[in-house]
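Asker:
Number of protein chains: 2
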Amino acid sequence: MNQDYIIPAPWAILEEGFEKEHVKSSESLFSIGNGAMGQRANFEEDYSGKTFQGSYIGGVYYPDKTRVGWWKNGYPEYFAKVLNAPSWIGIKVVVDGESLDLNTVKSVKDFRRELNMKEGWLGRSFEAELQNGTKLKVESKRFLSLEHDELGAINYEVTPLNRDVSISYEPYLDSGITNEDTNWDDKFWNTLSVEEQENKAFITAHTMKTLFHVCTAMSNTFTVDGKEISLTLKTNKSETYIGHVYETDIREGETFAIQKYAGYITSLNHDKDSLKNAANAVLDIALNKSFRNLLNKQKEDWADIWSMADIVIDGDVKAQQGIRFNIFQLNQTYLGKDARLNIGPKGFTGEKYGGSTYWDTEAYCLPFYMATKDQEVARNLLTYRYQHLDKAIENAQKLGFKDGAALYPMVTMNGEECHNEWEITFEEIHRNGAMIFAISNYVRYTGDYSYIPEKGLEVIIAVARFWKQRATWSDKKEQYVILGVTGPNEYENNVNNNFYTNYLAKWCLKYASEQVKKVAKDYNSDYKRIADKTSVSTEELNMWLEVSEKMYLPFSEENDIYLQQDGFLDKELVTVADLDKAERPINQKWSWDRILRSPYIKQADTLQGFYVFEDHFTEEELKKHFDFYEPFTVHESSLSPCVHAIQAAKLGQMDQAYEFYLRTSRLDLDDYNKEVHEGLHITSMAGTWMSVVEGFGGMRIKNDMLSFDPKMPSAWDGFSFKLNFRGQILKVSVSKGKHTFSLDKGSDLTLLLNGKEIRVVAGQTTEA
Amino acid sequence: MNQDYIIPAPWAILEEGFEKEHVKSSESLFSIGNGAMGQRANFEEDYSGKTFQGSYIGGVYYPDKTRVGWWKNGYPEYFAKVLNAPSWIGIKVVVDGESLDLNTVKSVKDFRRELNMKEGWLGRSFEAELQNGTKLKVESKRFLSLEHDELGAINYEVTPLNRDVSISYEPYLDSGITNEDTNWDDKFWNTLSVEEQENKAFITAHTMKTLFHVCTAMSNTFTVDGKEISLTLKTNKSETYIGHVYETDIREGETFAIQKYAGYITSLNHDKDSLKNAANAVLDIALNKSFRNLLNKQKEDWADIWSMADIVIDGDVKAQQGIRFNIFQLNQTYLGKDARLNIGPKGFTGEKYGGSTYWDTEAYCLPFYMATKDQEVARNLLTYRYQHLDKAIENAQKLGFKDGAALYPMVTMNGEECHNEWEITFEEIHRNGAMIFAISNYVRYTGDYSYIPEKGLEVIIAVARFWKQRATWSDKKEQYVILGVTGPNEYENNVNNNFYTNYLAKWCLKYASEQVKKVAKDYNSDYKRIADKTSVSTEELNMWLEVSEKMYLPFSEENDIYLQQDGFLDKELVTVADLDKAERPINQKWSWDRILRSPYIKQADTLQGFYVFEDHFTEEELKKHFDFYEPFTVHESSLSPCVHAIQAAKLGQMDQAYEFYLRTSRLDLDDYNKEVHEGLHITSMAGTWMSVVEGFGGMRIKNDMLSFDPKMPSAWDGFSFKLNFRGQILKVSVSKGKHTFSLDKGSDLTLLLNGKEIRVVAGQTTEA
């Protein structure tokens, strides 16, 4: 743990006391989002200290020219970068001519920041003494509306405490912004117009190259001691800025408040010529509803989300805060309404890394969204990849593949590759299998096969073609091999026959041939439509099966385990426990070559295979592999502990499982990796959810039934969660001794508890 | 071949006719240098067309901040970059108010450029018609003095052909220059003073960070029709520029000439406060000697170089021009006078790549310098690495090695690493062995063992310690393995047990233990001095031998060959002959991952081992390995064909040997790689020399004797070369049927010809 200033609380993230060195970290931790847009928790008033200003719009990106030390053939010339968007949260506050700035005021006291996760708003309050001696109480609250996802609202209040003052508010819009993360200091935005209309202001700008048009707009109302007042405005305007200055005299003890309504209207959802009209309409909605009504609706909407997604942990407030923070941030990042969007590794909390979508979505996030949202959301996640299929085929072509083979990018925004390390970009190809496993996982969980004939099969075929071409025949082994890959464990590069990759490829080819046959038989009209685009001959099907059946898997007879890759046993097999602590984390202490030739595993790799294909192996095999590989695992990826937590729980190693859970659930709150100021680790948050539900809840799908094998960490008194299983909402409560099951929605349900069938009757709570 | 505008001639590089698109290529090809400085063949007069201006000073560099896409631990923060230095060749020419500029004149005829390799000067002549109708004949000649290596001289003449004119010359110095190749557009030079003194001018500047101080100076004299005249000057001056303007009226047919003497005086060789005085003295030497006398001395000095280094090829003028161009450029780049300097991959002809020294020096250049220079030159090359030993130990420490282990950098200027691809920088460690082989090669060739007790042993010990630590024990193989390396064939990265690397390490460890024992026994006072710094225990020696003896070498029983690395036979073994020509060169047509998993070999790798350790293997073994590996070799490195030429010749495959020879000797003249405009491939030129002497001459050292096994390409009538062997200068002439040997210097000599001893008597020509 590298910080502990966040105060434990079950439903909120709290900070008390003002510390300048916490500002950038808190800007990440207190970020807000509504799935369509999001922003770091920057102050509304001016702040001249260290800050990382960021506001982001889902799907609005810029193709930044690639920059590398050494060019490798195949690198993309450009890649999509998350773009900092025009700023609309700012309100300059001037009191008797002095600007309010927490970096320069004489003193700050009672500073408090709250991210209210239950209700979905960010609040801040403090008392400041200005250099001119004026003491002020300041309180702000803001949120990004779930109901109107183009809209945000702020209520900002100042109360002079020791004298009568003149206060001016200058709410503003600013399109003169840059990215923290840019390769060549390109100008990303071109401002087209800065307009005003009564008390509304509009800046219309477009991104360079991608030409996303965005109208950023605001309108403001005012109260004194809660009573509406109207003020005349003066305008400050430049080519990329508009501020409306409102000034009035306020007596000691009176509270002067501004309600700022603002947001983004984009050409993703509107005709680019009608953006201003659309913005005007959104502002009118806000003005009509008022801050209070919008906030009340916000609370209702978040209550709806929590009613489905919440996990309650009894007896461990930090664990409770951690899991809710993870669930809250996932919901702020992605709500599944728009199949063009996805779950960025930093969500709307930072801009590190180009692109927004990793295999994390399929491998870690999909289960969370399947279980806590309507089925349509998971379908949208799958559809996202379906919509990128043409780009994935192009991507494979760039790397020399043909005949419609597809390689999904390592990182992407619009389907194009956004990464440029050859050992990852070109070689970490197991991601391609994650696309197919996600489809099969969706069908297994939802029982909805229709996605495959409608969309999935085209993806399945294209990926199978990739594996067929990527595997090559070894005369020596008389089997198919997959050379030159990087597995999930990125501490190995360019290895031959990574078990996880080979096994996944083997499975994909078999699964593909089965699905082609099934769709041809059971969904013939769909099959004809697909075959018109891309027909699969019997020879091709047979070839897939041939490669699948003859796929080489590295195995050690002596150790009776599958090897992570060829030659793994040639390494010096010193376990992590025997490694000097001063040498860790090895990704900071060791040069890259040393890491590569070591046996140390960054994140589950062979064990990832045992997680994904758990049913293919016995528990004894799992134990053997877990006992062999876990001791070499350094868990230096945020995606590693969750898989190990699940497997340790399955094996009954509960202390270990709890230890892994702790590493994943408070990663950002406690800033384990010393990088929270750059933004949050959004995708690994879904892994935390899996640790609880699949790990401690032991949830699996077996023969179209939910199955549980609950095991509770000894530190907890109990925990509960809900699952949307095929339209039925099941609540599961685990406590010492007994477990209870009840249905919030749906008809009676049979489930498995520790392997035994249990009937849960609608309207009744079943204890077992 | 990508160009053929260079006119074949035995002693010159010739270009006729003015083509703007040839300018940048010719600027590289016609480069001149004197070992201490060098410059591209930029025009003296202004040229507004496409040009790459470059003038470089040996040993003057700048630490450029590293730029990469993804940082890997261990990368150097900064690395030394070859610096473009203040320009002194410029002479602005204005005729009746119009500037002479070949890009804007009305017409150019009879343009001719000559690099006279025999005499060491660059000439250019043309007739131009200006826009104002004036026709001019222009002739220039310039050289960098071998005698005074801080000095260059230019004679530049203009003759008006159709009218009387007023001509002004403005010879100038300019320190406002930049690099073509820079990571962050840093300012590299800070100008301290721009001064003049009578008709001399001086600019003193220092490099940023490294603080090399350089005084660039000039003085000019004038003649009309050969008669000295004196002219008054006007000065044009800025903070980084000084020009002296001389104007006079010239009649039609009269020739107005300027002799410009200029050069660099640096703090490498002078106290930085006395640079201007030293520059003044150098200019005075030039003014006293005059252009003609300096040029005559230049011819003599180049005649001396050629008397030792020339290779004569009869019956093949392009081959003749090619080999002389290579020998000429090597001598322009490095003359061995200064052990701080080395042989940059682009010499003084461009600035691509940071650093100046690769393992090319030890593996390819050393034999050339040993055979064509005094022994001291080769010793200086070895001493260069001795002087960098502390930095090599630091470099190894950065990568986690300890106890005085050294890893020499992949690329360097001052001993620090200048490269940043992890697979090369950290893993292409065979370079460390090249340092030791070079020492043993030096001793074998020169018979001078004294270098080892004096300097070499410390390097040998430090490198042995590296190999000892880098090799790790494999419980599975029960042998030592070397994991995660890149061999000479850079089309394989991060492989295990590269045969060449393992074999070299095995040899180094054995050689090191032998040398420690020998020095301890035979050079005890040296040994004590060394042991005071770094003592080697008997246990350590035994450990070296243990690792050497138990070093694993990948071998295929089935094919009866050593494998390039573990798993090589798992590849799809399609030979280059069966590869579609449209797919080549693969480094342009294929993505990097595809190259890596292919069997294709960029440059000799296993065969490099058979070249270096030829004596360790039978000819049958060589043939078996050559026949196996050569068919997979794409020769996409400039260093590949020479080794294959030598081995093909040894195996009697003469057509193949000649084909390889052609690929290496005219690489730049015919611009095979379409990149000659960036500079020349200097180090591979030494490989061309080896192809002739070791390949066709069959030269080896056997039992302290020179040995020859001459084999001539059928296209040639004969060839001859000289060797400095232990102070004796042997001339070897090979022709169809008979070979002759004679001594230019030294007493009688016994050599081996085709395995039989032959006595060469001083003063006599021996035929055989």
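Line by line, the protein sequences give chains L and Z. In terms of UniProt numbering, the first sequence opens at residue 1 and continues consecutively. In terms of UniProt numbering, the second sequence opens at residue 1 and continues consecutively. By construction, the Cβ of each residue, glycine as well, lies at the ideal position given by its N, Cα and C atoms.
1) Can the beta-carbon of residue 772 of chain L be found less than 7 Å from the beta-carbon of residue 462 of chain L?
2) Considering only residues of the segment 122-157 of chain L, which uninterrupted alpha helix (DSSP H) runs meet the minimum length of 4 residues and lie entirely inside it, listed in chain order?
3) On the three-pair Cβ rule with 8 Å, is the segment 504-524 of chain L touching the segment 630-639 of chain L?
4) Chain L partners of residue 426 of chain Z, CB-CB under 9 Å?
5) Taking only beta-carbon atoms, is residue 569 of chain L less than 7 Å away from chain Z?
6) Taking residue 228 of chain L as the reference, give the member of L/259, L/234, L/236, L/251 with the closest Cα.
7) In three-state DSSP terms, what is residue 356 of chain L?
8) Looking at C-alpha atoms only, which residue of L/390, L/303, L/416 is the closest neighbour of residue 357 of chain L?
9) What is the residue span of the alpha helix (DSSP H) that residue 644 of chain Z lies within?
10) For the alpha helix (DSSP H) containing residue 37 of chain L, list its first residue and its last residue.
11) Could you tell me which whole alpha helix (DSSP H) segments of length 4 or greater appear in the segment 358-434 of chain L?
12) Please report how far the alpha carbon of residue 248 of chain Z lies from the alpha carbon of residue 233 of chain Z, in whole angstroms.
13) Can you round the beta-carbon distance between residue 252 of chain L and residue 163 of chain L to whole angstroms, since I take them to be within the 8 Å contact cut?
14) Would you kindly work out how many angstroms separate the C-alpha atoms of residue 367 of chain Z and residue 690 of chain Z, rounded to a whole number?
15) Looking only at DSSP bridge pairs, what is residue 752 of chain Z linked to?
16) Compare the C-beta of residue 446 of chain Z against all C-beta atoms of chain L and say whether one is closer than 7 Å.
17) DSSP puts residue 305 of chain Z in a beta bridge; with which residues?
18) On the three-pair Cβ rule with 8 Å, is the segment 447-465 of chain Z touching the segment 383-397 of chain Z?
19) Do residue 485 of chain Z and residue 429 of chain Z have their CB atoms nearer than 7 Å?
20) Identify the continuous beta strand (DSSP E) that holds residue 234 of chain L and give its terminal residues.
21) Measure from the alpha carbon of residue 460 of chain Z to the alpha carbon of each residue in Z/184, Z/439, Z/563, then state which is nearest.
22) Against chain Z, which members of the segment 477-505 of chain L pass a CB distance test of less than 7 Å?
23) Which bits of chain Z does residue 676 of chain L rub up against, with CB to CB less than 7 Å?
24) Measure the Cβ-Cβ separation of residue 10 of chain Z and residue 318 of chain Z and say whether it is below 7 Å.
25) What are the residues of the segment 68-90 of chain L that lie near chain Z, defined by any Cβ-Cβ distance shorter than 7 Å?
26) Assign residue 537 of chain L to one of three DSSP states: helix, strand, or coil.
27) Mind checking whether residue 612 of chain Z and residue 552 of chain Z have CB atoms under 7 Å apart?
28) Out of Z/674, Z/160, Z/170, which one is the CA nearest neighbour of residue 128 of chain Z?
29) Look at the alpha carbon of residue 133 of chain L and the alpha carbon of residue 371 of chain L, and state the distance between them as a whole number of angstroms.
30) Comparing C-alpha positions only, which one of Z/583, Z/166, Z/146, Z/22 sits nearest to residue 296 of chain Z?
31) Tell me, to the nearest whole angstrom, how far the beta carbon of residue 82 of chain Z is from that of residue 75 of chain Z; I am working on the premise that it is less than 8 Å.
32) Report the rounded CA-to-CA distance for residue 348 of chain L versus residue 31 of chain L, giving the unit in angstroms.
33) What distance in whole Å lies between the Cβ atoms of residue 421 of chain L and residue 121 of chain Z, which are believed to be in contact at a cut-off of 8 Å?
34) Mind checking which residues open and close the alpha helix (DSSP H) that includes residue 27 of chain L?
35) Which residue comes first and which comes last in the beta strand (DSSP E) that contains residue 43 of chain Z?
36) Assign residue 541 of chain Z to one of two classes, buried (16 or more other C-beta atoms within 10 Å of its C-beta) or exposed (fewer than that).
Answerer: Let me lay it out:
1) No information on residue 772 of chain L is available, as it lies outside the stretch 1 to 768 that chain L covers here.
2) none
3) no
4) 591, 592, 593, 594, 596
5) yes
6) L/259
7) coil
8) L/416
9) 640-650
10) Segment 37-39 is the beta strand (DSSP E) holding residue 37 of chain L; no alpha helix (DSSP H) there.
11) 366-372, 375-387, 389-398, 422-425
12) 11 Å
13) 5 Å
14) 8 Å
15) Z/707, Z/757
16) no
17) Partner(s): none; residue 305 of chain Z has no beta bridge.
18) yes
19) yes
20) 233-238
21) Z/439
22) 477, 481, 483, 484, 493, 494, 496
23) Ordered by position in chain Z, no residue passes the 7 Å Cβ test against residue 676 of chain L, which lies about 20 Å from the chain.
24) no
25) 68, 69, 70, 72, 73, 74
26) coil
27) no
28) Z/160
29) 55 Å
30) Z/146
31) Rounded, the Cβ-Cβ distance is 19 Å, inconsistent with contact.
32) 8 Å
33) About 49 Å separates the two Cβ atoms, so there is no contact after all.
34) 23-29
35) Segment: none, residue 43 of chain Z is in no beta strand (DSSP E) and carries neither H nor E.
36) buried
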